[in-house]
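Asks: In terms of numbering that gives the first Met the number 0, the sequence shown opens at residue 0 and continues consecutively.
Just so it is clear, CB atoms sit at the ideal spot from N, CA and C, and this is done for glycine as well.
Keep in mind the model is a prediction, meaning the values are calculated, not measured.
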Amino acid sequence: MKKEAPLHALASYLPEGTFDQVMEFLLLYKVHLTITRERQSILGDYRHPDGNGKGHRISINGSLNKYSFLITLLHEIAHLTTFNKYANRVPAHGKEWKQEFSAILHSFVGKGYLPHDVEQAVRQSMTNPAASSCADENLMRVLRNYDDRKDTHFLVEQLPLHQLFKTKDGRIFRKGERIRKRYRCEEVASKRIYLFSPVYEVEVLN
0 MKKEAPLHAL ASYLPEGTFD QVMEFLLLYK VHLTITRERQ SILGDYRHPD GNGKGHRISI
60 NGSLNKYSFL ITLLHEIAHL TTFNKYANRV PAHGKEWKQE FSAILHSFVG KGYLPHDVEQ
120 AVRQSMTNPA ASSCADENLM RVLRNYDDRK DTHFLVEQLP LHQLFKTKDG RIFRKGERIR
180 KRYRCEEVAS KRIYLFSPVY EVEVLN
């Protein structure tokens, strides 16, 4: 379900002080912004203008905390500015996008918009932005500090070995050993093995 939010309502989703600067991007590029209910697979999405008269379109999960919302929105705006410069001639998260995202992030740091820990994580991320905030494990851990906490929800890396947990789609897994950057977990019903990011949030089962 999507919600077409009046632009002034956007302020309630953003960190204090950032609204005017964000609006400069949205108005300059005539962005059609949609705030959606939580989607399990993506935090945000950018679609470039098509031949049917639709302009730049961005959608963001409305369930994100304010700092996650801002960074996700800036991530998608970086896709827009990259498309404006290179169209479809460069990789989605290649060096051109990384340069755009780093430059946009840079314009939001050092202004008191972000808590110290978020600011430090963003500055670190600017040197080599990940394809998503979920892929930037340090940034993901810091941003999670500002989520509304649920007693039974933890990151995979916080669980003990062999702990049973449930994902957002209702499937049940047993945590296994860490292999390089991910955890090897067995789906209980199918016995199939899946690899989980250390910072993927799950519900612990007793």
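At which residues does the alpha helix (DSSP H) containing Val21 begin and terminate?
Replies: Taken as a continuous stretch (DSSP letters only), the alpha helix (DSSP H) holding Val21 covers 18-27.
Asks: By Cβ distance below 6 Å, which residues in the same chain neighbour Lys190 in space, the five residues on each side in sequence not counted?
Replies: Answer for Lys190: no residue qualifies.
Asks: Decide if Thr71 is buried, meaning its Cβ has at least 16 other Cβ atoms within 10 Å, or exposed.
Replies: When all chains shown are included, Thr71 counts as buried.
Asks: DSSP three-state call for Met0: helix, strand or coil?
Replies: Its pLDDT being 39, under 50, Met0 is placed unreliably by the model, and nothing is read from it.
Asks: Short check: CB of Tyr112 to CB of Glu75, under 9 Å?
Replies: No.
Asks: Just mark Ile192 as buried or exposed, buried being the case when its beta carbon has 16 or more other beta carbons within 10 Å.
Replies: Result: exposed.
Asks: Do you know how far the Cα of Tyr28 is from the Cα of Glu136?
Replies: About 31 Å.
Asks: Please report the straight-line C-alpha distance between Thr53 and Phe82, rounded to a whole angstrom.
Replies: The sequence shown places Lys at residue 53, not Thr. Taking the straight line joining both Cα atoms gives about 15 Å.
Asks: May I have the straight-line CA-CA distance separating Thr215 from Arg143, to the nearest angstrom?
Replies: Residue coverage of the chain in this structure runs from 0 to 205, which leaves residue 215 outside it and unanswerable.
Asks: Between which two residues does the beta strand (DSSP E) containing Ile57 stretch?
Replies: Its beta strand (DSSP E) spans residues 56-60.
Asks: Please classify His78: is it buried, with 16 or more other beta-carbons within 10 angstroms of its beta-carbon, or exposed?
Replies: Buried, since its Cβ has 16 or more Cβ neighbours within 10 Å.
Asks: Determine the contact status of Leu163 and Phe172, defining contact as a CB-CB distance below 9 Å.
Replies: Yes.
Asks: Contact defined as beta carbons within less than 8 Å: I believe Tyr12 pairs with Phe68. What is the distance between those atoms, to the nearest angstrom?
Replies: 5 Å between Cβ atoms; contact.
Asks: Select from Gln20, Glu37, Leu9, Gly16 the residue whose C-alpha is nearest the C-alpha of His31.
Replies: Of the candidates Gln20, Glu37, Leu9, Gly16, the one whose C-alpha sits nearest the C-alpha of His31 is Leu9.
Asks: Entirely within the segment 133-198 and at least 3 residues each: give me those beta strand (DSSP E) ranges in chain order.
Replies: Those beta strand (DSSP E) runs which fall completely within the segment 133-198 and span 3+ residues are 152-154, 163-165, 171-178, 181-186, 192-195.
Asks: Using the C-alpha atoms, what's the distance from Val117 back to Ser106?
Replies: Taking the straight line joining both Cα atoms gives about 15 Å.
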